[in-house]
Every structure is written in C-alpha cells, then in structure tokens.
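Colleague: So that we are looking at the same thing, I have put the structure below in structure tokens.
Numbering (the working numbering), first residue to last: 369 to 727.
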C-alpha cells in the first residue's frame, strides 16, 4: 500500500507469517455473547459473564506446549478485556503462550437483497482498530457470508461484489492501524449443491475478493485468507471424500489466490472435528503446487470436545485442557500433511453443522 511505511509493512508481514508458521493455526474463540450462550447451554451451563470468563480462562491457561500448534487466537470484545482468577489479562496469557491475540471486528450480518446479506461494522472501525492495536491485538477478523441456492440463482453478483467491497475496505482500515486483516468470505455449507458447484462459486467469490483487494491497494503479504473448504452442500446426496475435497479446494485457490499471500486458514464450517482435520490433512497432501501455508482457523472443530469434557465443572478443567491440546496438536499435524488419523472421542465425530450459522 502506498500509504503504509516500510516498517508497517514489515510488521504486518511478520505477524501474518507467524500466525501460519509451520504446523500452526488459529483458535477461533470469538463467539458472540449469544452464540457462546448456545454452546454453554449444550452442557447445562448458564450464560453469565463469569461462566464465559471461566470457559475462556480454561482455553488460555492451557499448557504452554499449545503454542507449538497455535499461531493466533481470535477474541470477542468482551473476552479481550477479561482477566484470569489472579487478575492477569487474557491478552497477556495468550502472549505468554507465544500466540498472537486477535479480535473479531465485524458487527454481524444484515439483509442486502432477498435472502442474501452483507456485514456491518465499518463505521468507526478505524478508531476501534487503533484501540485494539494499543490494547495488544496483532490481527483482526471480519466475516462475510455467501449462500448457494441454484434454484434462486444465488449467489448474485450484487451480493458477491458488495461483500468483496466490504472485506477490502475492512482490510485497508486494519492495515492502516497496524492489524493484520483476516479476510473471511465464507460460503455456507447449507444446501443441496454438489462439489462442482461449490468449487465454481468459491472460484467466483475469491476472484471478486482479490480483484477488490487489489483495487483498494491492500498489502497482500500482510493479510490472511479464511475461506471455506470446497465441499458439497450439507444436504447433497452425493458426498465427497477428503481427497476429492482437497483437489477441489486447492484447485479453486490456485486459480484465484495470489502467491504473495502468506497463508490460508480454513474455517471448519460445521464439519465434525475429525472430518475437518482429515480434510485439512488431505489438502496438505494433494499433489498440486501450494505456494501458501494451508492451515486452520477452527472454532467449533477445536472446542466441541473441550466443552463436553469441561461440563462447567472446576474439577474437569485439566481434562478439558488435555482435550484442547490434543485437538490443536492433531490439526497442527494436518497443517503439515502428517496427520495419521485417530479414534473418535466423545464429540469428535459428531456433526457440528448449524443451519445459516451465525457467530
């Protein structure tokens, strides 16, 4: 970017590369108050600020070896300013793990046209990013959502273009204020569409996104992409195996994502824990040139078994942390293409799909 100093560019590039260093990915712990409430309800825990704090404390006081598998943690605004039982800020706990603290900065999806939407939160974003940077964050995340419905000719060009513009504006504002932007154009898994349709739409969306990022003079070396894996729709009668998903995903990325990008951190999109790990591993094994780090930015697929192991009970914290270490480690192996499979745990093979998912 012409308005970024050489020093700022170097910092952005360093942070982006550190997040996706070999075998490292992102823990997405940025669920909104309402969404984390649904997660807590699933284990019979009341959605209070203290219970949310206790759960996030469990995540951030894990053994320091988790830093071998995590390069970043995405936080919700409330969580960024919470502290552990000893009064130590969570952001400091995360840094002590050798992990980058990040922040969700969008303010949710709003209607655009028909059943399609766009993401709000650009107003005042510069000031918020400057404050988050001052308060210890090194990167940010913004989620846009695209829906596939071939019967209704969705996604429309209007929706794709609008969301690309929003993502580019957000990315530019983040970089101007010192934060690495994670660009997330999520194509929802909802629907009956097949693998070929998913790949075609993914290529179309990413082409728009990178053209628009270029138009906004966004410094690609200081950004990360958080896309969906290319999979058939959740209700498609024809399923795809990890190899088919890997070929479709990497092919779509090779056709659309510049090699200047340091890394791609896939969202799990409602896949089961073991499913998302196996697919990530296949993506890193496919016999196609992959010029970027291909890693993970998982929320549900890193936390479902952890929540179940914890159950809201203090005496279960150590056991739950052990589960988190394991899941992070398995995904770290998958990010290197070295995952060899595992036995399914209590929640690891259960579908995490939620229709029209919101954070």
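Ideal Cβ positions, reconstructed from N, Cα and C, are used throughout, including at glycine.
(1) Is residue 536 near residue 473, with beta carbons less than 8 Å apart?
(2) Could you give the distance in angstroms between the alpha-carbon of residue 411 and the alpha-carbon of residue 681?
(3) Report all residues from its chain with a CB closer than 8 Å to the CB of residue 520; omit the five preceding and five following residues, and keep chain order.
(4) Just list the residues that DSSP pairs residue 468 with in beta bridges.
(5) Report the three-state DSSP secondary structure of residue 434 (helix, strand or coil).
(6) Just confirm the distance between the C-beta atoms of residue 699 and residue 437, as a whole number of angstroms; I'd bet it's less than 8 Å.
(7) Relative to the C-alpha of residue 379, which residue among 590, 495, 613 and 434 is closest?
(8) Which whole-angstrom value describes the C-beta separation of residue 513 and residue 470, a residue pair presumed to lie in contact below a C-beta threshold of 8 Å?
(9) How many angstroms separate the CA atom of residue 560 from the CA atom of residue 523?
(10) Name the DSSP bridge partner or partners of residue 697?
(11) Please name the residue, chosen from 463, 511 and 416, that lies closest to residue 665 on a Cα-to-Cα basis.
(12) Going by the DSSP bridge assignment, what does residue 666 pair with across the sheet?
(13) Using CA atoms only, rank isn't needed, just tell me which of 389, 579 and 377 is closest to residue 632.
(14) So, at 8 Å on beta carbons, what are the nonlocal neighbours of residue 625 in its own chain, with the 5 sequence-adjacent residues on each side left out?
(15) Could you tell me which uninterrupted beta strand (DSSP E) segments, each at least 3 residues in length, are contained entirely in the region 478-518, listed from first to last along the chain?
(16) Would you decide whether residue 605 is buried or exposed? Buried here means 16 or more other CB atoms lie within 10 Å of its CB.
(17) Rounded to the nearest angstrom, what separates residue 501 and residue 417 at their Cα positions?
(18) If you reduce the DSSP assignment to three classes, tell me which class residue 707 lands in.
(19) To which residues of the same chain is residue 721 closer than 7 Å at the C-beta, ignoring the five residues directly before and after it?
Modeller: According to the data block:
(1) Cβ distance not < 8 Å, so residue 536 and residue 473 don't count as in contact.
(2) So the two alpha carbons sit approximately 10 Å from each other.
(3) Residues of the same chain with a CB within less than 8 Å of the CB of residue 520, apart from the 5 flanking positions on each side, are 482 and 483 in chain order.
(4) In the DSSP output, where bridge partners are listed per residue, residue 468 has 440.
(5) Helix.
(6) Under the criterion of beta carbons closer than 8 Å, residue 699 and residue 437 qualify as touching, at roughly 7 Å.
(7) The shortest C-alpha separation from residue 379 is found at 590.
(8) The beta-carbon separation of residue 513 and residue 470, rounded to 19 Å, does not stay under the 8 Å limit for a contact.
(9) The straight-line gap from Cα to Cα measures roughly 14 Å.
(10) According to DSSP, which records beta bridges pairwise, residue 697 is partnered with nothing at all.
(11) Relative to residue 665, the option among 463, 511 and 416 whose CA is nearest is 511.
(12) According to DSSP, which records beta bridges pairwise, residue 666 is partnered with 395.
(13) The option with the nearest alpha carbon to residue 632 is 389.
(14) Excluding positions up to five away in sequence, the list reads 574, 578, 593, 632 and 660.
(15) For the region 478-518, whole beta strand (DSSP E) runs of length 3 or above, ordered along the chain, are 484-487 and 507-514.
(16) Here residue 605 is exposed, its C-beta having fewer than 16 other C-beta atoms within 10 Å.
(17) Each residue's alpha carbon lies about 24 Å from the other.
(18) Reduced to three states, the DSSP call for residue 707 is coil.
(19) In this prediction, residue 721 has a pLDDT of 43, which is less than 50 and means its spatial position is unreliable; what the coordinates show is noted afterwards. When the five nearest sequence neighbours on each side are left out, the beta carbons in the same chain lying within less than 7 Å of the beta carbon of residue 721 are those of 557, 602 and 638, in order along the chain.
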